[in-house]
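Residue numbers for the sequence shown, in our numbering: 548 to 1049. Even glycine gets a Cβ: it sits at the ideal position worked out from N, Cα and C. Heads up: the structure comes next, in structure tokens.
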Amino acid sequence: MKNNKVLIVGAGIGGLATALRLAKSGYEVQIIEKNAQAGGRLNQLKKDGFTFDTGPSFFSMSYEFEAFAKACNIKLPFTYKALDPLYSVNFSNSPTTFFLYKDLAKLAEQFKDIEPDFEAKIQKYLSKSGDIFHDTVNLVIKNNFDSIPEYLRTLAQVNMVHLPVLFRNFWQQVTRYFTSDEAQQIISLVAFFLGRTPFDTMGIYTLLSYTEFKHDGYYNVEGGMYQIVRGFVDELVKEKVSITYNTEIVAYKEENKKLTCLIDKQGNKWTADTYVINADAAVFRSRIFNRKKYSTKRMEKMNWTMGYLTFYIGLNCKLPQVDHHNYYLGQNYKQYADTILSDPNTLEKPYYYVNVLSKHNTDCAPEGCESLFFVCPVPNLLVKKDWSDKDQIVDSIIDDFSKRINTNIQSEIISKTIYTPEDWQSQFNLYQGSGLGLSHTMLQIGAFRPSNFDETYNNVFYVGASTIPGAGIPMAIISAELAFKRIEKQKEAMLQKASTTK
Ligand SMILES: Cc1cc2nc3c(=O)[nH]c(=O)nc-3n(C[C@H](O)[C@H](O)[C@H](O)COP(=O)(O)OP(=O)(O)OC[C@H]3O[C@@H](n4cnc5c(N)ncnc54)[C@H](O)[C@@H]3O)c2cc1C
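Listed below in structure tokens is the structure:
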């Protein structure tokens, strides 16, 4: 087969999934990756006898993985387990911890004194969220659009009954159904999973509540999330796909509207018939291709997700009182959310998530020890440039956590690693340390998001969080399918052209 050599830049989950689809369809695939190991943001840190997942800690839409495995004719190379409860939520100065059960009657029991008719309300809320999900997922989320008019025509096919939700933010949609502070905050928490706050995330994303509570829920991976990457890499090895690490693309050459090679930091040239960029789709266009539309000024004006302060702690004791997935909130939710994207000094009373990986994966910590991973949503580098106070912030979170769990863990820490937005930026070329890439605003989704085909070179495609459909592991799997379809369509068109000119 001619025209079948593909070079993929980036071994994130989007790049790996695209590579496997292509290799299984007969393409000769090569991957180059900036870092020393695969996975991108879905990564792993091994240190002092502990194993930590460094980014994602659970995933939704498991059926997307199953569909992917079926399309590639493989057995999914990792084992996943449904979470129930999904996670726990604790508010500061409150002894109550809420457990987010998928069983809505069990969930409602915890709200009986604070939110009258909670079960009926959440059923009604999820019914609406479910309608939004089912009316958009195949039409809008899992679709390639060749142009903005085509995208707008498709949007016009979405049931008009959802139109008012388009004009509400996540918070406004949630507060139509719930009145108590606790219910409103707990149900809207999922907006943070999209890298913004409930107050500036579109109401249509309340479909996420449906995916978490009703449709499919969340899943843990046996042995930790990095087993997904390990499994994918094993499958790629079977298909003879090579991955070259410690290789960062910094320049390119073109001829007649075609990309002819990519050039790494050492000056090596990488050639292929087709190129798939898994590095951030906006950053690559800006810094490597120097596109006007992605100039420094325009990049600054785009809407970016928040940064993450993450830290990985090995404890010389067990924490039986702490669950696997836990959220710790303060008492100033709205104020915190309002300022987190604009004020560098919001971190005095941070909100954070704690993952105890060793809870269900005993291999991830030495005996009698615990492996903890903290994620704190923080301003990205556009807002907070100086992270010299990272140790103070981390200490304040550890102190707060110690109080909430009635155990002072400071003296039990035997391993500690901190990643600020600066580290996230430098490790994975994330714009200003923005953790999830471009936000999902009206003008940055669908055909308005950086497209998965290049504007100039017809042999360049994109996959991953900042192209369509968006951020998160299941979206990366869908993104790989969409990029694969583009490449196949292009190949078919070329074959047809060749046969008609014979
Ligand atoms: C702290 C955190 C927590 C998260 N939690 C969850 C979660 O619980 N569930 C969930 O579903 N999602 C979660 N996400 C989101 C999820 O991690 C991402 O959406 C997903 O992993 C992105 O995959 P990707 O393939 O698009 O990009 P990436 O993972 O960023 O991969 C891109 C790859 O390209 C490489 N690269 C970049 N530039 C170059 C270059 N010039 N040359 C060569 N290589 C290059 C990078 O090193 C990287 O390996 C989380 C993200 C973060 C940061």
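Assigned with DSSP and collapsed to three states, leucine 983 falls in coil, not helix or strand. A distance below 7 Å separates the beta carbons of tyrosine 841 and arginine 832. Secondary structure of tryptophan 934 (DSSP, three-state): coil. Here the alpha carbons of glycine 984 and tryptophan 851 stand approximately 6 Å from one another. In the three-state DSSP reduction, threonine 843 falls in the helix class (H, G or I).
Put simply, of Gly596, Val687, Ile578 the residue whose alpha carbon is nearest the alpha carbon of methionine 989 is Val687. It is roughly 26 Å from the alpha-carbon of aspartate 890 to the alpha-carbon of threonine 601.
For isoleucine 621, the three-state secondary structure derived from DSSP is coil. Phenylalanine 714 counts as exposed, since fewer than 16 other C-beta atoms from the protein chains shown sit within 10 angstroms of its C-beta. Counting only runs of 3 or more residues that sit fully inside the segment 800-874, the beta strand (DSSP E) segments are 805-811, 821-824, 854-862, in chain order. When secondary structure is reduced to three states using DSSP, alanine 1023 falls in the helix class.
Bridge partners of phenylalanine 920 according to DSSP: Tyr859, Asn902.
Listed in chain order, the non-local C-beta contacts of tyrosine 574 below 7 Å within the same chain comprise Asn551, Val553, local neighbours out to five positions each way being set aside. Residue Val708 holds the alpha-carbon nearest to the alpha-carbon of aspartate 678 among Tyr978, Asn892, Val708. Looking at the DSSP output, lysine 552 shares a beta bridge with Glu575.
The alpha carbon of valine 797 has as its nearest neighbour, out of Cys808, Tyr859, Lys804, the alpha carbon of Cys808. Pairing alanine 703 with proline 711, the inter-Cα distance amounts to about 14 Å. Rounded to whole angstroms, the separation of the alpha carbons of asparagine 640 and lysine 1032 is 52 Å. By the criterion of at least three beta-carbon pairs nearer than 8 Å, the segment 956-968 is not in contact with the segment 651-669. In this structure, glycine 587 has its CB closer than 6 Å to one or more heavy atoms of ligand 1. Distance from the Cα of phenylalanine 599 is smallest, within the candidate group Met608, Leu589, Phe606, for Leu589. Within the DSSP bridge table, the entry for leucine 633 names no partner. Its chain contains Ile956, Gln957 as the residues whose beta carbon lies nearer than 7 Å to that of isoleucine 945, once the 5 sequence neighbours on both sides are disregarded; these appear in chain order. With contacts defined as CB atoms closer than 7 Å, serine 676 and tyrosine 799 fail to qualify as a contacting pair.
Where glutamine 591 is concerned, the enclosing beta strand (DSSP E) starts and stops at 591-594.
Between the alpha carbons of isoleucine 887 and glutamate 729 lies a gap of roughly 20 Å. For valine 768, the closest alpha carbon among the candidates Lys906, Thr744, Asn637, Asn793 is that of Lys906. The Cβ neighbour count for glutamine 731, taken over all protein chains shown within 10 Å, is at least 16; the residue is labelled buried. If you keep only unbroken beta strand (DSSP E) runs of at least 3 residues inside the segment 744-768, you get 766-768. By the neighbour-count definition (other C-beta atoms within 10 Å, threshold 16), arginine 568 is a buried residue.
Comparing C-alpha distances from aspartate 763 to each of Tyr627, Phe746, Leu862 shows the shortest one belongs to Tyr627.
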